[in-house]
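Protein chains in written order, with our numbering: chain A, 1 to 482; chain B, 483 to 605.
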Amino acid sequence: MEGERLHDRYVDSDPEEPDETAEAGGTGGAGEDGRLAELQRLREEAESRARQQEALARLGLTALAEIDLDEVFDRATRTVADTLGVEMTKILELLPEGRALLLRSGVGWKEGLVGSATVPSDVGSQAGYTLKSATPVVVPDLPAETRFRGPKLLLDHAVRSGLSVIVHGRDRPWGVFGAHTQARRSFSPDDVNFLQSVANVVAAAIERARIAAELERRSRELAFKRAEERFRRAERLASVGTLATGIAHEINNPVNSILMTAESAQMARDREDWPERAEQALEIVVREAERCGRIVRDVLDLARPGRPGKAPEDFNEVVQRGVEVARKLTKAGGVEVDLDLADDLPQVSLDAGGIERLVVHLLRNAIEASPAGAAEVRIATESAGTDLVRLTVSDRGRGIEPALLERVFDPFFSTRRTWGGIGLGLSLVHGIVEEHGGTIDVESRLGEGATFRIELPIAGRSQAAGSEPARISDDAAAEQAG
Amino acid sequence: MAKILIVEDEVNSAQALELYLSDRGHRVRGAADAGEAIAAARELEPDLLLTDVLLVGDRDGLAVARELRAADPDLPVVVMSGLPEHEVRERASGIELFAICPKPLRLREIGATVEAALSRRTA
Numbered sequence: 001m002e003g004e005r006l007h008d009r010y011v012d013s014d015p016e017e018p019d020e021t022a023e024a025g026g027t028g029g030a031g032e033d034g035r036l037a038e039l040q041r042l043r044e045e046a047e048s049r050a051r052q053q054e055a056l057a058r059l060g061l062t063a064l065a066e067i068d069l070d071e072v073f074d075r076a077t078r079t080v081a082d083t084l085g086v087e088m089t090k091i092l093e094l095l096p097e098g099r100a101l102l103l104r105s106g107v108g109w110k111e112g113l114v115g116s117a118t119v120p121s122d123v124g125s126q127a128g129y130t131l132k133s134a135t136p137v138v139v140p141d142l143p144a145e146t147r148f149r150g151p152k153l154l155l156d157h158a159v160r161s162g163l164s165v166i167v168h169g170r171d172r173p174w175g176v177f178g179a180h181t182q183a184r185r186s187f188s189p190d191d192v193n194f195l196q197s198v199a200n201v202v203a204a205a206i207e208r209a210r211i212a213a214e215l216e217r218r219s220r221e222l223a224f225k226r227a228e229e230r231f232r233r234a235e236r237l238a239s240v241g242t243l244a245t246g247i248a249h250e251i252n253n254p255v256n257s258i259l260m261t262a263e264s265a266q267m268a269r270d271r272e273d274w275p276e277r278a279e280q281a282l283e284i285v286v287r288e289a290e291r292c293g294r295i296v297r298d299v300l301d302l303a304r305p306g307r308p309g310k311a312p313e314d315f316n317e318v319v320q321r322g323v324e325v326a327r328k329l330t331k332a333g334g335v336e337v338d339l340d341l342a343d344d345l346p347q348v349s350l351d352a353g354g355i356e357r358l359v360v361h362l363l364r365n366a367i368e369a370s371p372a373g374a375a376e377v378r379i380a381t382e383s384a385g386t387d388l389v390r391l392t393v394s395d396r397g398r399g400i401e402p403a404l405l406e407r408v409f410d411p412f413f414s415t416r417r418t419w420g421g422i423g424l425g426l427s428l429v430h431g432i433v434e435e436h437g438g439t440i441d442v443e444s445r446l447g448e449g450a451t452f453r454i455e456l457p458i459a460g461r462s463q464a465a466g467s468e469p470a471r472i473s474d475d476a477a478a479e480q481a482g
Numbered sequence: 483m484a485k486i487l488i489v490e491d492e493v494n495s496a497q498a499l500e501l502y503l504s505d506r507g508h509r510v511r512g513a514a515d516a517g518e519a520i521a522a523a524r525e526l527e528p529d530l531l532l533t534d535v536l537l538v539g540d541r542d543g544l545a546v547a548r549e550l551r552a553a554d555p556d557l558p559v560v561v562m563s564g565l566p567e568h569e570v571r572e573r574a575s576g577i578e579l580f581a582i583c584p585k586p587l588r589l590r591e592i593g594a595t596v597e598a599a600l601s602r603r604t605a
């Protein structure tokens, strides 16, 4: 106990008498010898301070010029070892969880430890104690130390004396810088200042590297964002191009028929069969003009602005209305529609007109894919979990080639051109599903038909009369409170 | 009188063309897709191919032209299409086209082009 206190005093508060000089010059001697010894000691002290300042200046330059942080660490630990004359130096990094410190860099340690060895960050270790005490810690004799135990790393290396300081970070200590010896020695206040100064240079280098990394991350993010914007714009332009080409092509066909038919009738004016030819021509012109009208309506539908008004609706009723509309529009005979509607569906918040159109397009699509006059279509509704309703439309038509499955929702993608469909139907369906925040997928086997599955969120149930009064009042209360 | 094969999958357009050209004294055969066109050509041995580019099915009107040219290297080919001309030329690579007529077509123009192609053939 007494011995330890002496040590403390000897090392911490009596640095004017370090080991080496104590032996050489004795203690407290008066007279000529004493004064000479004192001068000698002062000179050595000044030289040491000059060496330390020079080393610090060099290290500072390195830290300013060097981008690689590990290189800065390496230079710092070597500089401290050389300048203080210690066998072991270390830079410990406080790991993110804060429970341990990693030996990031250092000299004098057994092979393989730098980069992998850790020491606990609790006050049981010198490093942990340094973090906690927030001031430089001088250890004259580790085995006799009472403030903390020597961690395994130090004991394994027979460390006796040492000095450690905090490497400051932005909002918490970044780590600890340590210098250790196997022989017992003391550290002067200059030594302590030197180590702390080195640690501060290291801290500045770390902060600089952090800022550089942050800047790089931000500029990368910005570059990525710009590239993404460019991509989206290109995609939009491409789709405008696709749309324009598609519309032009689709309108061109009936316009071509109208023009040639009318011209042909004009030229037949002097012929005997002119009345019949004119009659025929007019019929064709009307039909083809109607076709133009359908294309224009479909295109306008595609361009319909989003966010339709939604209201709680009986899903089955809306689906049934869509089926009726489709039946009237197609006028096709031999279409068998098997309706399988679940009777336990909740009200669904939807745009009834949109969902009707969706059913019409899906049904038309199914009929077109089926052999003429022998279409078998199954339309089913059901709950899908607690939040969704599912609509399934399956046909037993020719199916879709696997390679084309991904493209069926593309505007103007169509494998047929005879029936007046122009390849917008499934694009419209896709758009309507998206407007409802739902999902659509398609499954098909060539020759065995196709199944379209649509899931729509029930959502907005609180809007249904009196269904969730508690939540409404909570919201109102929150609003008042805010 | 010449024998003309018209390949056009739009029924009403095809009908108007067929009527117009037959009124002008030509023997006309119509086909709606590539397979039908190639089969008809074997029978008809046409003096001129008047074809649309985009057809239902996996072969376009230029595939028909390629096939018929193999049997008759001098067969004049007149293309009718709503596609931009450069796209028609790209698809036609290697086939010499007498003319590309952009849709919508005027019968009189098509008529003049057809006569020009036929007169070069007989010359």
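Glycine residues also receive a C-beta, built at the ideal position from the N, C-alpha and C atoms.
Bridge partners for residue i per DSSP, in chain order?
i	result
Gly512 of chain B	B:Ile488
Val165 of chain A	A:Phe177
Asp441 of chain A	A:Arg453
Ala491 of chain A	As displayed, chain A neither begins before 1 nor continues past 482, which places residue 491 of chain A out of reach and without an answer.
Ile91 of chain A	A:Ser105, A:Phe177
Asp340 of chain A	A:Ala380
Ser563 of chain B	B:Pro584
Leu532 of chain B	B:Ile488, B:Val560
Ala375 of chain A	A:Val335
Arg427 of chain A	In the sequence on display, residue 427 of chain A carries Ser and not Arg. Partner(s): none; Ser427 of chain A has no beta bridge.
Leu388 of chain A	A:Ala384, A:Pro457
Could you tell me whether the Cβ of residue i comes closer than 8 Å to any Cβ of chain A?
i	result
Leu530 of chain B	no
Using a Cβ cut-off of 9 Å, pull out every chain A residue sitting near residue i, in sequence order please.
i	result
Leu499 of chain B	Met260, Ser264
Would you mind telling me which residues of chain B sit closer than 7 Å to residue i, beta carbon to beta carbon, in chain order?
i	result
Ile284 of chain A	Asn494
His249 of chain A	Gly564
Cβ closer than 8 Å: which chain A residues qualify as neighbours of residue i?
i	result
Leu587 of chain B	Asn256, Leu259, Met260
So with Cβ pairs under 8 Å, would you call residue i a contact of chain B?
i	result
Glu288 of chain A	yes
Ala65 of chain A	no
Asn253 of chain A	yes
DSSP state of residue i, grouped into three classes?
i	result
Ala204 of chain A	helix
Lys613 of chain B	Because chain B spans 483 through 605 in this model, residue 613 of chain B falls outside it and cannot be assessed.
Lys110 of chain A	coil
Ser133 of chain A	helix
Asp82 of chain A	helix
Ile558 of chain B	Residue identity differs from the one stated: residue 558 of chain B is Pro in this sequence, not Ile. Pro558 of chain B falls in the coil class under three-state DSSP.
Asp68 of chain A	coil
Thr261 of chain A	helix
Leu345 of chain A	coil
Val119 of chain A	strand
Ala46 of chain A	helix
Val255 of chain A	helix
Val159 of chain A	coil
Asp395 of chain A	strand
Ala183 of chain A	coil
Ala574 of chain B	coil
Under 8 Å between C-beta atoms, does residue i make it to chain E?
i	result
Arg445 of chain A	In the structure shown, chain E does not exist; the protein chains are A and B.
Q: Give the residues from the stretch 557–574 of chain B that approach chain A closer than 7 Å (Cβ to any Cβ), ordered along the chain.
A: Gly564
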